[in-house]
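Take a look at the structure below.
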Amino acid sequence: MADSQFARPELPQLIATIRSDLLTRFQEDVLLRRMDAEVYARVQAAAVHTLYGYIDYLARNMLPDMCDEDWLYRHARIKRCPRKDAVAAAGYVRWDGISGTPTLPAGTQIQRDDQVTFTTLQTVKASGGLLRVPVIADVAGTAGNTDDGTALRLGTPITGIPSTGYADTLTGGDDTEELETWRARVMERYYWIPQGGADPDYVIWAKEIVGITRAWTFRHYKGTGTVGVMVATSNPVNPAPGDDLVKAVRDHILPLAPVAGGGLFVFAATEKSIPVTVALAKDT
């Protein structure tokens with residue numbers, strides 16, 4: 001929990017302070033365990049301690065930089081910066097070398113060896129020895145992303161179709177936006193007030209797309225009046241987004257940007273390999 005820097009007195013300190021005030025008012029200088037001043041001090045201190053706690057709670061949550069998760073939803077709504085929801089992975093499962101023309105119905109469950117399940121989206125009939133069926137993960141998130149060639153098995157046997165198929169471009173799954181990543185986007189809305197197409201606007205617009213966590217704006221990218229927007233994901237292995245994601249960013253920005261469609265260029269960041277040589281010094 002973030003520290004609001006609000007100086008909240010401890011309960012014993014409050015009891016002592018209120019007791020001292022009461023004794024002064026009553027002009028008493030002898031403290032007895034069961035005297036009224038002691039009872040009043042403890043009761044009032046408990047009430048005041050609760051109020052101090054509420055003030056501390058508000059001090060922490062009134063601004064988005066330290067607020068709790070439920071308060072961040074409130075701040076985000078005010079700034080029109082909703083949290084990115086999880087997205088289910090989608091793609092295909094394929095079977096090669098199929099004999100005849102068996103049909104795989106829509107709604108069929110297919111399972112990976114680690115119990116992640118997928119459901120077919122269409123009824124597809126095999127043709128030319130190939131059966132390629134569109135599927136979607138049953139649970140949204142990155143867990144549904146599956147490397148090409150990974151074995152996927154039918155939940156229910158179907159005549160004419162082997163029980164094991166293989167993943168084919170089964171990607172696109174993304175988890176719910178991490179709390180601190182979302183907080184940073186909300187804070188950007190405070191730092192950069194929308195200006196109808198200033199450099200920060202393009203960065204904010206690009207990062208509203210699920211999967212995009214970094215973006216950069218380039219003025220006059222292809223000549224006067226044009227804008228270039230470079231985007232990247234947070235994937236440490238392959239941060240460059242695919243063509244579909246780049247297109248989604250462009251389609252999202254176009255209605256918002258003041259530049260004409262031909263003047264907006266959205267492109268993926270290019271990976272650059274940097275050779276590193278590590279020389280170990282002897283521990284002497």
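Numbering (full-length UniProt numbering), first residue to last: 1 to 284. Where is the CB? At the ideal position from N, CA and C, for every residue including glycine.
Closest to ASP138 by CA distance: which of SER99, THR159 and VAL87 is it? Here residue 138 refers to the residue found at position 138 when the sequence shown is read from its first residue. Taking only the C-alpha atoms, the option nearest ASP138 is VAL87.
C-alpha distance - ILE247 paired with ALA269, whole-angstrom precision: Working through the sequence shown from its first residue, we reach residue 247 at position 247. Working through the sequence shown from its first residue, we reach residue 269 at position 269. Correcting the residue type first, residue 247 is Lys in the shown sequence and not Ile. When rounded, the distance between both Cα atoms is 14 Å.
Three Cβ pairs or more, each shorter than 8 Å: is that satisfied between the stretch 145 to 156 and the stretch 84 to 100? The stretch 145 to 156 and the stretch 84 to 100 touch, with no fewer than 3 CB-CB distances between them shorter than 8 Å.
Tell me whether the beta-carbon of THR123 lies closer than 8 Å to the beta-carbon of GLY173. Numbered from 1 along the sequence shown, position 123 holds the residue referred to as residue 123. Numbered from 1 along the sequence shown, position 173 holds the residue referred to as residue 173. It is not a contact, given that the beta carbons lie outside the stated cut-off.
Check for me: the alpha helix (DSSP H) holding ARG214 runs from which residue to which? Position 214 of the sequence shown, counted from the first residue, corresponds to residue 214. ARG214 -> not in any alpha helix (DSSP H); beta strand (DSSP E) instead, spanning 214 to 219.
How long is the line joining the alpha carbons of HIS220 and GLY211, rounded to whole angstroms? To locate residue 220, count along the sequence shown from 1; it is residue 220. To locate residue 211, count along the sequence shown from 1; it is residue 211. When rounded, the distance between both Cα atoms is 26 Å.
Have a look at SER127, LEU256 and LEU154 and flag the residue whose alpha-carbon is nearest the alpha-carbon of ASP199. If you number the sequence shown from 1, residue 199 lands on position 199. Minimum Cα distance to ASP199 is reached at LEU256.
Three-state secondary structure assigned by DSSP to LEU256: In the sequence shown, the residue the question calls residue 256 occupies position 256. DSSP places LEU256 in coil when its eight states are reduced to three.
LEU11 lies in the alpha helix (DSSP H); which residues open and close that run? As a position in the sequence shown, residue 11 is number 11, starting the count at 1. For LEU11, the enclosing alpha helix (DSSP H) has its first and last residue at 11 to 26.
Return helix, strand or coil for ARG8, following the three-state DSSP convention. As a working note, residue 8 is residue 8 in the sequence shown. DSSP places ARG8 in coil when its eight states are reduced to three.
Residues near GLU177 in its chain [Cβ-Cβ closer than 7 Å; skip 5 each side]: Locating residue 177 in the sequence shown gives position 177, where the first residue counts as 1. For GLU177, where only same-chain residues beyond five positions count, the Cβ hits under 7 Å are ARG83 and LYS84.
What is the rounded straight-line gap between the Cα of GLY53 and the Cα of ARG8? Sequence index remark: in the sequence shown, residue 53 carries index 53 (1-based). Sequence index remark: in the sequence shown, residue 8 carries index 8 (1-based). Put simply, the backbone Cα of GLY53 is about 7 Å away from that of ARG8.
Are the stretch 66 to 81 and the stretch 98 to 118 touching, with three or more C-beta to C-beta distances below 8 Å? In this structure the stretch 66 to 81 does not touch the stretch 98 to 118; the number of beta carbon pairs closer than 8 Å is below three.
Beta-carbon separation of THR108 and THR169 under 8 Å? For the purposes of this step, residue 108 is identified with residue 108 of the sequence shown, where counting begins at 1. For the purposes of this step, residue 169 is identified with residue 169 of the sequence shown, where counting begins at 1. THR169 sits away from THR108, with the two beta carbons spaced by 8 Å or more.
Is it true that the CB of LEU131 sits closer than 8 Å to the CB of LEU154? Numbered from 1 along the sequence shown, position 154 holds the residue referred to as residue 154. Numbered from 1 along the sequence shown, position 131 holds the residue referred to as residue 131. No, the Cβ-Cβ distance between LEU154 and LEU131 is not below 8 Å.
Check whether ARG185 and PRO64 have beta carbons under 8 Å apart: As a position in the sequence shown, residue 185 is number 185, starting the count at 1. As a position in the sequence shown, residue 64 is number 64, starting the count at 1. Between ARG185 and PRO64, the gap from beta carbon to beta carbon reaches 8 Å or more.
3 or more residues per run - each beta strand (DSSP E) lying fully within the stretch 53 to 96: Annotation note: the stretch 53 to 96 contains the following uninterrupted beta strand (DSSP E) runs of length 3 or greater, listed N- to C-terminal: 90 to 96.
Looking at the strands, I want to know which residues DSSP matches up with TYR190. Walking along the sequence shown from the start, residue 190 turns up at place 190. TYR190 has no beta-bridge partner at all, per DSSP.
Alpha helix (DSSP H) containing PRO200: first to last residue? Taking the sequence shown and counting its residues from 1, one reaches residue 200 at position 200. Segment 199 to 206, the alpha helix (DSSP H) holding PRO200.
Cβ atoms of VAL93 and GLY165: under 8 Å apart, would you say? Indexing the sequence shown from 1 puts residue 165 at position 165. Indexing the sequence shown from 1 puts residue 93 at position 93. Yes. Within cutoff.
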